[in-house]
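Input: a single structure, listed below in structure tokens.
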């Protein structure tokens, strides 16, 4: 089952409160989905994700398809059992990965032929197969195969990719066999607001469970990102969730929510943690800085996560400098907690009709972060 | 405070049951101490160590002295607070590390000059300084600086090192300022049983809180190791704990307990986990083996640890092959749980007067491990 209830909205491109209801749990929106590319949110256990308030996670069909293989995951009981996460899972179709990772690819209306970035082996995926593979994984939310043009790209290429993405969404919809798993198409259209509007309108008519906004945050100026989002959300049905793919920083989450986005995912909190960077209420902390060597304070004074309650910056720096795995765990835990907590705060602000004030304070706090910010 | 109560013993070199009592907790013996070299038992949190039944952990003065520095740990509240572990901690003096890791060293009766294996910087440690540094860390059990001869080594060198280690034990005892922390000398003596006996007798007269057996498992045949242990334990006071340093495999723990050893530490369970090797009741499992790719069973059928309750071999293999940090966590958790559980089983067997039967079954089970053993 998949349902979305919109509980509060103040306009077509304005902050909204809702709930995604699946057989595996209810997720309040706006929601951030921790990324578990290979069937693991890097460094963490599912129990830790639950404890920090994660309600839904994202995994990646392209990556699991290449390793260990969708058939292997299915034989081991499906993705939930495989990774021991019993909440909802959304899988990205892999469209973006084929276009960003594969060393070779050839796209036609039929589908896409590409070589694996792991071993160079050759593969063919089409919209039908991508739906079938996601159904075999047993996930709760599926994404249609899309074509993601590069940036910048010639206008005819962007238009061709958008048209193909739309046609592939139609085919994906027809190929669907399991009504229990939701299916979202991807709105493409490059940096052409009119094209994005058209795409959104056309996909809306096909009446999907929700809608993903793709091809953004691919190198363009932030201003352009938000112009595209603002062009798209008003054209999408109000009573369906909107998912902004692969975006972004804490500032991006706030900007996205402001424009009516309901779902986000991004590798930043997990990847940056492994690179020693923490997101805090006072701004970014680069933990290897010598200034933290004797610092007895927590990573983030305003945070009550496991890491901040129990460990000093001095200890975290020591672990990180020593390349200890616990450093990556503790920083990942904090960063995801920070992201999920930011979503909680935004939901509370929307509920209390004070999102605009929240947004001003959010930016003000980061400006006042003092020596901790960056 | 530090007390040891011997609750059951069947002879001078036979299995014993006891309790180490410290201000930070009571530890039943025979005990295995997980190794936390740099102030972290690699990949795990203190809560996880507690959950798997660890009562005491080991850290290393030499490593902490070089990074982040003892003064830094002291400024950050001492080693317990630094690493967020509130149970007892034993620190090795660093004698073994100076002799095994330092690229240059010069030993005299005064002490040892060596270069850091991290940055080549020059350092001098003597018995008094090593006690003072361990007191500054705030640990519960300290080890005297010793000289560990290589193996094989000329007899005169072995004798000189043993004499020096004995003299250093005297000086360490005199240098001690904090009566709350226990102090153990190290029995050296190479592979000369008579010399080990003499050393044990001489150290016994100095009346320490407990006694460490050092310079073993350094490349000699296993038979020789146990001959040295068997020569030593009868000469040590019955009412003081005996700690066999850096040993060993599960088989070694069983053999050591059989000879009256009370305390063990070893990097094998943690290091091998990071190399993809699991200790199980059926023998060793090398998780990357292709045979496990579709295996839905747990790592160890007879284990009820977190890893074995929740994850399949197929998933663990996938994580390990993908170099996912969660693989190292889950394998480390299992291996340490296996070691600690083995100690529980040995204590139960001693209490029930069936250690000999336990030992036979232990070896039998490993021979019958079938395809999982190795």
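Residue numbers (my numbering), protein chains in the order written: chain G, 70 to 443; chain D, 70 to 443.
Every residue gets a Cβ at the ideal spot worked out from N, C-alpha and C, and that includes glycine.
| Asked | Found |
| --- | --- |
| Where residue 175 (chain D) sits in the DSSP three-state scheme | strand |
| Check: residue 184 (chain G) C-beta below 7 Å from any heavy atom of the ligand SAM | As presented, the structure is devoid of all ligands, the ligand SAM included, so that no description of it is given. |
| Residue-level contact to chain G via CB, residue 152 (chain D), 8 Å cutoff | yes |
| Spatially closest choice to residue 181 (chain D) from D:136, D:314, D:216, by CA coordinates | D:216 |
| Residues in the region 142-168 of chain D having any Cβ partner in chain G nearer than 9 Å | 142, 144, 145, 146, 150, 151, 152, 153 |
| Residue 337 (chain G) versus residue 92 (chain D) - alpha carbon distance | 43 Å |
| 8 Å Cβ cutoff, residue 186 (chain G) in contact with chain A | Absence of chain A from the displayed structure is noted, the protein chains being G and D. |
| Other residues of its chain near residue 226 (chain D): CB distance less than 6 Å, five sequence neighbours each side excluded | 218 |
| Beta carbon of residue 286 (chain D) nearer than 8 Å to that of residue 258 (chain D) | no |
| Residue 272 (chain D), buried or exposed, once every other Cβ within 10 Å from all chains shown has been counted against 16 | buried |
| Interface flag, residue 444 (chain G) vs chain D, CB-CB below 8 Å | The structure shown has nothing for residue 444 (chain G), since chain G only spans 70 to 443. |
| Spatial neighbours of residue 408 (chain D) in its chain, beta-carbon cut-off 6 Å, leaving aside the 5 residues before and after | 101, 338 |
| Three-state secondary structure assigned by DSSP to residue 161 (chain G) | strand |
| Proximity test, Cβ basis, 8 Å: residue 444 (chain D) and chain G | Beyond the ends of chain D as shown, which are 70 and 443, falls residue 444 (chain D); an answer cannot be given. |
| Whether residue 256 (chain D) touches residue 281 (chain D) by CB criterion (8 Å) | yes |
| Sequence ranges, alpha helix (DSSP H) only - wholly within the region 193-234 of chain G, length at least 4 | 196-206 |
| Residue 377 (chain D) beta carbon less than 8 Å from that of residue 365 (chain D) | no |
| Closer than 8 Å at the beta carbon, the chain D residues around residue 242 (chain G) | In chain order: nothing, as chain D lies at least about 31 Å away. |
| Any chain D beta carbon closer than 8 Å to residue 112 (chain G) | yes |
| Residue 292 (chain D) versus residue 298 (chain D) - alpha carbon distance | 10 Å |
| Within chain D, partners of residue 128 (chain G) - CB distance below 8 Å | Those within 8 Å of residue 128 (chain G) in chain D number zero; the least Cβ separation is about 12 Å. |
| The alpha helix (DSSP H) enclosing residue 46 (chain G), as first and last residue numbers | Nothing about residue 46 (chain G) can be reported from this structure: the residues present for chain G run from 70 to 443 only. |
| First through last residue of the beta strand (DSSP E) which encompasses residue 77 (chain D) | 71-78 |
| Between the CA atoms of residue 402 (chain G) and residue 111 (chain G) - distance to the nearest angstrom | 10 Å |
| Residue-level contact to chain D via CB, residue 379 (chain G), 8 Å cutoff | yes |
| Other residues of its chain near residue 220 (chain G): CB distance less than 6 Å, five sequence neighbours each side excluded | 287, 288, 289 |
| Interface residues of chain D facing residue 362 (chain G) [CB-CB closer than 7 Å] | 137, 141 |
| Short Cβ contact (8 Å threshold) for residue 213 (chain D) with residue 252 (chain D) | yes |
| Under 8 Å between C-beta atoms of residue 178 (chain G) and residue 233 (chain G) | yes |
| Of the listed residues D:134, D:185, D:144, D:173, nearest to residue 161 (chain D) (C-alpha basis) | D:134 |
| Contacting positions in the region 85-119 of chain D - beta carbon closer than 8 Å to chain G | 107, 108, 109, 111, 112, 113, 114 |
| Near-chain G residues of the region 336-351 of chain D (beta-carbon distance less than 9 Å), N- to C-terminal order | 343 |
| Collapsed DSSP secondary structure at residue 314 (chain G) in the structure displayed | coil |
| Inter-residue spacing [alpha-carbon to alpha-carbon] between residue 318 (chain D) and residue 419 (chain D) | 20 Å |
| Backbone secondary structure at residue 169 (chain G) - three-state DSSP | helix |
| Listed by chain order, chain G residues near residue 391 (chain D) by CB distance under 7 Å | 107, 136 |
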